[in-house]
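*Asks:* Counting from 4, one number per residue, gives the positions in the sequence shown under the working numbering.
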Amino acid sequence: MEQKKIFMTGDRPTGKLHIGHYVGALRRRVELQNSGLYDECYVMIADTQALTDYYDNPDRIRESVIEVALDYLSCGVDPSRSTIFVQSRIPELFELTCYYLDLVTLSRLERNPTVKSEMRQKGMEDSIPVGFLCYPVSQAADITAFDADTVPAGEDQAPMVEQCQEIVHKFNSLYGETLVMPHLLLPENDSCKRLPGLDGKAKMSKSLNNCIYLSDDEQTVNKKVMTMFTDPMHLNINDKGHTKDNPVFIYLDAFATDDHFRRFYSQYENLEALKRKYEDGGLGDVEVKRFLARVINDVLEPIRQKRHEYENDIPGVYRILEEGTEKARAKAMATIHRVRRAIKINYFEDRKLIEKQVKRFKKQHQDEENLKAYLAKQKKA
Ligand code: TRP
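Here it is, written out as structure tokens:
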């Protein structure tokens with residue numbers, strides 16, 4: 004099998020995407036798409052995976068599919084270069100999941116740290132739906148169905164990619180080289196790997212209500228940034244401040260460029276200089292937050308404009324999803340044929356199998372005939 008460069012990634016449609024998704028995944032995805040280094044790019048709206056968690060709220064998933072599609076398109080995911088598609092409409096993914104479930108133990112699934120923390124967060128510890136526990140297996144199907152060698156994603160996806168690697172390894176050792184081994188591609192900058200919430204909690208998340216959304220307008224961003232947690236020890240301007248573990252500086256690490264300093268805050272040359280001043284004392288939080296809000300708005304402005312254009316052509320956006328899904332399905336079907344052949348369940352596609360079985364039964368019947376003839380001869384004698 005020739006090895007193409009292929010990346011595959013996606014998001015659960017449980018709401019609009021936020022700036023944590025942007026720096027943790029989307030920005031990189033668009034760069035990779037435009038880099039010319041990849042032969043194929045797949046970006047999936049993981050509605051089936053979202054249902055493992057929100058099966059009791061299908062309306063939320065349904066509304067979020069279009070929101071996520073708009074977020075993708077407005078951030079620069081380009082349907083002429085990336086295949087954007089919807090998970091539930093690719094049945095081959097569920098067939099693959101079924102075969103992979105045989106290769107994974109229950110205790111292995113229960114050890115997955117991302118699943119564990121999600122269970123804790125959702126209070127599922129005593130009554131975990133099987134579908135939820137198994138979503139890492141279905142995610143392995145998502146990745147391998149498209150022969151992806153690269154999965155650009157945030158740090159929280161590392162346990163999923165590890166699980167996938169184990170499945171690929173086990174599958175290939177049992178059935179022969181069939182699946183492509185993927186690797187995780189993390190954001191280049193530590194602050195981007197997991198952007199904390201506005202409240203300083205470890206993760207930006209809709210359910211914690213601590214997000215800035217890609218679709219937030221300028222005033223909303225300004226307001227939200229002003230509510231952000233900073234260094235709790237930095238009470239007076241002249242106090243020495245901490246920049247490490249300070250959400251405002253973590254966001255600046257993720258977003259601010261030297262160009263932003265040149266344009267909006269030229270008394271500082273760059274982020275290093277700003278941090279030094281904050282740490283030495285004499286720099287107020289409000290001033291830093293004002294700069295941060297300008298930076299975020301500067302990054303979001305072109306995204307908002309593009310979103311607005313796509314919002315004016317919603318049927319066109321659904322068409323993009325439908326065409327992408329068709330294209331993705333063709334790829335998944337090619338993989339499923341290879342997988343069925345490897346597991347030897349391709350009964351109807353294997354001409355040689357039929358010939359072989361024909362020969363086997365012919366020989367069996369011949370042997371029976373021969374034996375009968377021999378016994379008859381013996382009896383006579
Ligand atoms: N688990 C991812 C999330 O929570 C979504 C996802 C589903 C995904 N399948 C994937 C990501 C395959 C990367 C590759 O957002």
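Where a beta carbon is used, it is the ideal one built from N, C-alpha and C, also for glycine. Quantities reported herein were computed from a predicted structural model and do not represent experimental measurements.
Hey, out of Gln160, Val154, Lys173, Phe351, whose CA is closest to Tyr45's CA?
*Replies:* As a first step, residue 45 is located in the sequence shown; it is residue number 42 there, counting from the start. Among Gln160, Val154, Lys173, Phe351, the Cα nearest to that of Tyr45 belongs to Val154.
*Asks:* Beta carbon of Thr147, beta carbon of Val183: below 8 Å?
*Replies:* For this step, residue 147 is matched to residue 144 along the sequence shown. For this step, residue 183 is matched to residue 180 along the sequence shown. The answer is yes: Cβ separation under 8 Å.
*Asks:* Assign Leu189 to one of three DSSP states: helix, strand, or coil.
*Replies:* The residue given as residue 189 occupies position 186 in the sequence shown. Coil, per DSSP.
*Asks:* In the DSSP output, which residue or residues are listed as bridge partners for Glu43?
*Replies:* For the purposes of this step, residue 43 is taken as the residue at position 40 of the sequence shown. Note: Glu43 sits in a beta bridge opposite Ile9.
*Asks:* Excluding sequence positions up to five away, which residues of its chain have a Cβ less than 6 Å from the Cβ of Thr338?
*Replies:* Indexing the sequence shown from 1 puts residue 338 at position 335. Excluding positions up to five away in sequence, the list reads Ala148.
*Asks:* Are the Cβ atoms of Asp248 and Gly284 separated by less than 8 Å?
*Replies:* Position 245 of the sequence shown, counting from 1, holds the residue named residue 248. Position 281 of the sequence shown, counting from 1, holds the residue named residue 284. Their beta carbons are not under 8 Å apart, which means Asp248 does not touch Gly284 by this criterion.
*Asks:* For the region 260 to 278 against the region 289 to 302, are there 3 or more C-beta pairs whose distance is under 8 Å?
*Replies:* Yes, since at least three Cβ pairs between the region 260 to 278 and the region 289 to 302 fall closer than 8 Å, the two stretches touch.
*Asks:* Confirm the yes/no value for this check: CB of Thr12, any heavy atom of the ligand TRP, distance under 7 Å.
*Replies:* Stepping through the sequence shown from its first residue, residue 12 is reached at position 9. Checking the Cβ of Thr12 against the ligand TRP gives yes.
*Asks:* Quick one, which of Ser120, Arg114, Glu66, Val140 has its alpha-carbon nearest Glu98's?
*Replies:* Start at 1 with the first residue of the sequence shown, and residue 98 comes out as number 95. Of the listed residues, the one whose Cα sits closest to Glu98 is Val140.
*Asks:* Closest by CA to Ile323, which one among Leu106, Pro305, Asp81?
*Replies:* Indexing the sequence shown from 1 puts residue 323 at position 320. Out of Leu106, Pro305, Asp81, Asp81 has the C-alpha closest to the C-alpha of Ile323.
*Asks:* Between the C-alpha atoms of Thr55 and Asp234, what's the straight-line distance to the nearest angstrom?
*Replies:* Mapped onto the sequence shown, residue 55 falls at position 52. Mapped onto the sequence shown, residue 234 falls at position 231. Whole-angstrom Cα-Cα distance: 37 Å.
*Asks:* Using C-beta distances below 6 Å, list every residue in its chain close to Asn373, excluding the 5 sequence neighbours before and after it, in chain order.
*Replies:* In the sequence shown, counting from the first residue as 1, residue 373 sits at position 370. Same-chain partners within the cutoff: there are none.
*Asks:* Less than 7 Å between the CB of Val154 and some heavy atom of the ligand TRP, yes or no?
*Replies:* On the sequence shown, residue 154 is found 151 positions in, with the first residue counted as 1. Correct: Val154 has its Cβ closer than 7 Å to the ligand TRP.
*Asks:* Helix, strand or coil: how does DSSP classify Asp159 here?
*Replies:* What you label residue 159 is simply residue 156 of the sequence shown in a count that begins at 1. In the structure shown, Asp159 sits in a helix (DSSP, three-state: H, G or I).
*Asks:* Grab me the residues of Ala259's own chain with a C-beta within less than 7 Å of its C-beta, minus the 5 sequence neighbours each way, in chain order.
*Replies:* As a first step, residue 259 is located in the sequence shown; it is residue number 256 there, counting from the start. So the list reads Leu274, Val298, once near-sequence residues are dropped.
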